[in-house]
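Just below is one structure, and these are the notes that go with it.
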Amino acid sequence: MAEDVTYYGERVRQRAVERIGQLYPKVDLPKELGGQKATVIAWIWARTVPSPDPAFSNVRVPIASNFVLSTKKGKESWISLEIDKATKTIQYRIRKGGTKAEIDKAKEGTKVGRANFVCPISETAITPEYIKECGLKGELGQTLMAIVADGKGGRIYLPPSQHHEDVAFSQVSEWKPEAEFFQQGLGFRVGNYGMSKWSDLFTQRQIVALNTLGEIIKDVRGEIEVAALAGGMADSEPSLRDGGVGAKAYAEAVSIYLAFGIDRAADFNNSLVRWSSSNEKPMNLFGRQAIPMVWDFAEANILADVVGGFAPATEYQAKCLSRLITDTPGVAWQHDAQSVIYGPDAVISTDPPYYDNIGYADLSDFFYVWLKRSISDVYPDLFSFIQTPKSEELVATPARHGGGKAAEQFFLDGMTKAMRSMALQASAEYPLSIYYAFKQSEIEKDGISSTGWATFIQAIIDAGMYISATWPVRSEQTSRIRGIGSNALASSVVLVCRKRDENAISVSRAEFLRALKRELPAAIAKLQVANIAPADMPQSAIGPGMGVFSHYKTVLESDDSPMSVKTALQLINRELDEYLGGIQGEFDADTRFAITWFEQHGMGKGDYGTANSIATARGISVDSVKHAGIVESAAGKVRILTRDELDEDWDPEEDRHLTVWECLQHLVGRHEKDGISHDTAVLLKKISTQAEAVKDLAYCLYDISANKRKDAKEATAYNALIADWTELTKAAAAIHDTSGDRQIRLDI
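Sequential numbering of the sequence shown, starting at 383, is according to the working numbering.
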């Protein structure tokens, strides 16, 4: 089947080229680049509005957040504007190279702040309110800024062509997805700009292309069936939805995967696709589960063998098919999780909705409208709706439930019912595992006691279960997390749950705190021994902490009201802070000074008098800390030395004033530069007597950097070191001679 998906995917593409190939013309290269025709990879567009300056109100000006096309070293390319006020025209030129200042300016486009732009002709401010007004009046347009072509030595960036711009608007589809989306849905950010229908998210040309591909898939299905019969497949009439396994069902199955190819192509072929200047390609809309507004976008060449093309999209489906496990049957069905009947002794692992993180049903309509167009006759029951059902979806959407409180209650009631059903039917021998993904903004704002997280845990406890462990899982690529901003899923947690004892007792707040102080430190120490990354420690500590809390029937506050999960989470986090703070007392005095100074000043300067007071309280002097190579003290000011300022030739075996702080900073610096390398392992070997203290300090400094100083870059350095600690320790253990540069004897 995988081969057929690839084969018929190419056939569909070829027929699309025959029908609409004129909409995707090649581009003429200049003489200095050969003068030949080249395949277009993407067209770069910017949205436009009429200039708010009355003197130029008849001029459409770009609202672009970025003019940079390539940031690759030696291949920097960007768009510059040539403005003629006399003729009231703007022309787009391609610049190569340029100074750092020019490129930095190009990275801003015409933007001057969050959703604020400036008219490039009159320099009049273009406010968010003005843009929204233009959008609601239907005055948002688009203009071609650049053409990206495929060249022998890589991407070729060309200025816009009037011919290419005209071609893009030369054909209108007879059909387009006119269904309206829910503008207040979770993650939707485009309704304020006059977009209300799914068709509004696509260019005129994209709608023609996607619709044409869907029509061709319907036509090809009959050919697939004929070929299957000719190949000896049974001539059975039942369709795929009725359990058929013959030629007809096979043809329907292949067409479904081809339709999935259209959906994947649609992810790259809409007017909300960004152009990535770092890897020089279009980036799909659903890099995160949201539909944000994009001002300058890349229109991919859907008929070419490029990122965003239909052929690569179907090849992707084929690769997935070829890797499927076929010797173990699996069954999937749609059912309400609140009332589903499981088999006896069910082992349950579930990934439920994450409160208000993602509006699955609302977002799914983006793909549903295109699937319905091409395969509704294969599964008529599934595609009998104009859009997917929404009202019963177990997600806290305030606009759908009359506000935040009502949405929270809806989620809590439904999730409790679903979890109770699982608890009653789950095997007594095996735990129930439940996934939860944190949003980056959720962690930054409320830590582990955020409303969504607390409500989720409350539902588990109300269902009669207790949490015995929490396992952090990195379910998102780190680079992707950094790229998608505040709504990114930062990390996932697997909650390991079992049924709570029916005879569980109620305890007071004081008794709970005593139990927490008794059990949590040892549990955290075990997590550190396991080298749990500092970024994952708060989530990991929830397991043993909530294990204490959820074992009880209730924890009673002083007024006999039940303690909320949110309060319990805050107390667990406080105990974690106290534990990490308590570790500091085990460090040398110079390191303890550095921790306090770092917490107050970071790497910045502070008054000598303050530094002297801190040092005196630890029984040392500022000169002692300076002698240790930790700080600089001059002209009445003190500051911690940055890692870039540390002596590269430093040898801990020769240091007569060795401190844990110095060991950690040198190790972090080496790890930042070389990663898990020979040199990093040698350094860890040399400080092996201090290794555990160094690791403890990394946890402390991560906590200070991430939670108190809000210094993400510094926090990342400590987190990365701990994440690689196990491998580094193994590498260091294999080294038996740290003398010399490279002549090291290893255990093989």
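By construction, the Cβ of each residue, glycine as well, lies at the ideal position given by its N, Cα and C atoms.
Original post:
Where does R571 sit, in a helix, a strand or coil, going by DSSP?
Top reply: By 1-based counting over the sequence shown, the position of residue 571 is 189. Three-state result, R571: coil.
Original post:
Would the beta-carbon of S850 fall within 9 Å of that of V878?
Top reply: If you number the sequence shown from 1, residue 850 lands on position 468. If you number the sequence shown from 1, residue 878 lands on position 496. Cβ distance < 9 Å, so S850 and V878 count as in contact.
Original post:
Ordered along the chain, which non-local residues of its own chain (more than five positions away) have a Cβ less than 7 Å from that of N994?
Top reply: Position 612 of the sequence shown, counted from the first residue, corresponds to residue 994. Once the five neighbours on either side are set aside, the close Cβ partners of N994 are V1004.
**OP:** Count the other C-beta atoms from every protein chain shown that fall within 10 angstroms of the C-beta of T1071, then say buried if there are 16 or more, exposed otherwise.
**Re:** For the purposes of this step, residue 1071 is identified with residue 689 of the sequence shown, where counting begins at 1. Counting Cβ neighbours within 10 Å, T1071 comes out exposed, since fewer than 16 surround it.
Subject >> CA-to-CA distance, H1053 to S1059, given in whole angstroms >> reply: As a position in the sequence shown, residue 1059 is number 677, starting the count at 1. As a position in the sequence shown, residue 1053 is number 671, starting the count at 1. C-alpha separation (whole angstroms): 8 Å.
Original post:
Between the C-alpha atoms of A370 and P916, what's the straight-line distance to the nearest angstrom?
Top reply: Because the chain is modelled from 383 through 1130, residue 370 falls outside the range shown and cannot be assessed.
Original post:
In chain order, which beta strand (DSSP E) runs of at least 3 residues are fully inside the region 957-1015?
Top reply: For the region 957-1015, there is no continuous beta strand (DSSP E) assignment of 3+ residues that stays within its boundaries.
Subject >> Cut-off 6 Å between Cβ atoms - residues of its own chain near D386, not counting five sequence neighbours on either side >> reply: Position 4 of the sequence shown holds residue 386. Cβ neighbours of D386 beyond the five flanking positions: V636.
Original post:
Exposed or buried, which one is A872 when buried takes at least 16 other CB atoms within 10 Å?
Top reply: Here residue 872 is taken as the residue at index 490 of the sequence shown, counted from 1. Bear in mind that the predicted position of A872 carries a pLDDT of just 44, short of 50, making it too unreliable to give a figure here.
**OP:** Could you tell me whether any Cβ in chain B is nearer than 9 Å to the Cβ of H545?
**Re:** Judged by its chain identifiers, the structure shown contains no chain B, having just a single protein chain.
Subject >> Of the listed residues E414, F650, G596, nearest to I423 (C-alpha basis) >> reply: Counting from 1 along the sequence shown, the entry for residue 423 is found at position 41. Among E414, F650, G596, the Cα nearest to that of I423 belongs to F650.
Original post:
Who pairs with C879 in a beta bridge, going by DSSP?
Top reply: For the purposes of this step, residue 879 is taken as residue 497 along the sequence shown, with counting starting at 1. The partner list for C879 (beta bridge, DSSP) reads L814, I849.
**OP:** Could you spell out where the beta strand (DSSP E) holding L432 opens and where it closes?
**Re:** Along the sequence shown, read from residue 1 onward, the residue named residue 432 stands at position 50. As written in the sequence, residue 432 is Pro, which differs from the Leu given in the question. Its beta strand (DSSP E) spans residues 422-432.
**OP:** Could you tell me which residues DSSP pairs with F1133 in its beta bridges?
**Re:** Shown here, the chain extends from 383 to 1130; a query on residue 1133 therefore has no answer.
Subject >> Local Cβ density within 10 Å of Q1047, reported as buried at 16 or more and exposed below that >> reply: Here residue 1047 corresponds to residue number 665 of the sequence shown, with the count starting at 1. Per the 10 Å Cβ criterion, buried.
**OP:** Go to S452, then tell me how far its beta strand (DSSP E) extends in each direction, as first and last residue.
**Re:** By one-based count along the sequence shown, residue 452 stands at place 70. 450-452 is the extent of the beta strand (DSSP E) around S452.
**OP:** Apply the 10 Å Cβ neighbour rule to V713 and answer buried if 16 or more other Cβ atoms are within range, or exposed otherwise.
**Re:** On the sequence shown, residue 713 is found 331 positions in, with the first residue counted as 1. Exposed.
Original post:
Taking C-alpha atoms, which residue in M527, Q586, R571 lies nearest to E556?
Top reply: Along the sequence shown, read from residue 1 onward, the residue named residue 556 stands at position 174. Nearest C-alpha to E556: Q586.
Subject >> Rounded C-alpha distance that separates A950 from V930 >> reply: The count along the sequence shown starts at 1 and reaches residue 950 at position 568. The count along the sequence shown starts at 1 and reaches residue 930 at position 548. Between A950 and V930, the C-alpha separation is close to 10 Å.
Original post:
Would you say the region 415-429 touches the region 519-538, given that touching needs at least three Cβ pairs under 8 Å?
Top reply: yes
Original post:
Identify the residues that DSSP records as bridge partners of V855: which are they?
Top reply: Within the sequence shown, residue 855 is the residue found at index 473, counting from 1. In the DSSP output, where bridge partners are listed per residue, V855 has S874.
Original post:
What runs of the alpha helix (DSSP H), each 4 residues or longer, lie entirely inside the region 708-752?
Top reply: none
**OP:** May I ask which residues mark the beginning and end of the alpha helix (DSSP H) holding L540?
**Re:** Indexing the sequence shown from 1 puts residue 540 at position 158. Run containing L540: none in the alpha helix (DSSP H); it sits in the beta strand (DSSP E), 536-540.
Original post:
Where E547 and K663 are concerned, what is the direct C-alpha to C-alpha distance, given to the nearest angstrom?
Top reply: The count along the sequence shown starts at 1 and reaches residue 547 at position 165. The count along the sequence shown starts at 1 and reaches residue 663 at position 281. Looking at the two C-alpha atoms, the distance is approximately 20 Å.
Original post:
Where does F551 land, buried or exposed, given buried means 16+ other C-beta within 10 angstroms?
Top reply: Numbered from 1 along the sequence shown, position 169 holds the residue referred to as residue 551. Burial call: exposed.
**OP:** Let me know the secondary structure DSSP gives S674 once reduced to three states.
**Re:** Within the sequence shown, numbered from 1, the residue matching residue 674 stands at position 292. The displayed chain sequence assigns Pro, not Ser, to residue 674. In the structure shown, P674 adopts coil according to DSSP, grouped into three states.
Original post:
In whole angstroms, what separates the C-alpha of V608 from that of E634?
Top reply: What you label residue 608 is simply residue 226 of the sequence shown in a count that begins at 1. What you label residue 634 is simply residue 252 of the sequence shown in a count that begins at 1. Looking at the two C-alpha atoms, the distance is approximately 12 Å.
**OP:** Buried or exposed for Q418, please, with buried defined as at least 16 other CB atoms from any protein chain shown within 10 angstroms of its CB.
**Re:** In the sequence shown, counting from the first residue as 1, residue 418 sits at position 36. Answer is exposed; the Cβ neighbour count stays below 16.
**OP:** Flag this pair as yes or no: are the beta carbons of M675 and V572 separated by less than 9 Å?
**Re:** Translated into positions along the sequence shown, residue 675 becomes position 293. Translated into positions along the sequence shown, residue 572 becomes position 190. Contact flag set, yes.
Original post:
Is it true that the region 746-764 meets the region 574-586, where meeting means three or more beta-carbon pairs spaced less than 8 Å apart?
Top reply: yes
Subject >> Residue interval of the beta strand (DSSP E) (run including K478) >> reply: As a first step, residue 478 is located in the sequence shown; it is residue number 96 there, counting from the start. Taken as a continuous stretch (DSSP letters only), the beta strand (DSSP E) holding K478 covers 471-478.
Original post:
Apart from the five residues on each side of it in sequence, which residues of its chain come closer than 8 Å, Cβ to Cβ, to T430?
Top reply: Residue numbering aside, residue 430 sits at position 48 when the sequence shown is read from its first letter. Hits under 8 Å: R442, V443, P444, I445, L522, G523, Q524, T525.
Original post:
Is the beta carbon of A507 sitting closer than 9 Å to the one on V494?
Top reply: For the purposes of this step, residue 507 is taken as the residue at position 125 of the sequence shown. For the purposes of this step, residue 494 is taken as the residue at position 112 of the sequence shown. The answer is yes: Cβ separation under 9 Å.
Original post:
What are the residues that DSSP puts in a beta bridge with D466?
Top reply: Here residue 466 is taken as the residue at index 84 of the sequence shown, counted from 1. Answer is T471, bridged to D466.
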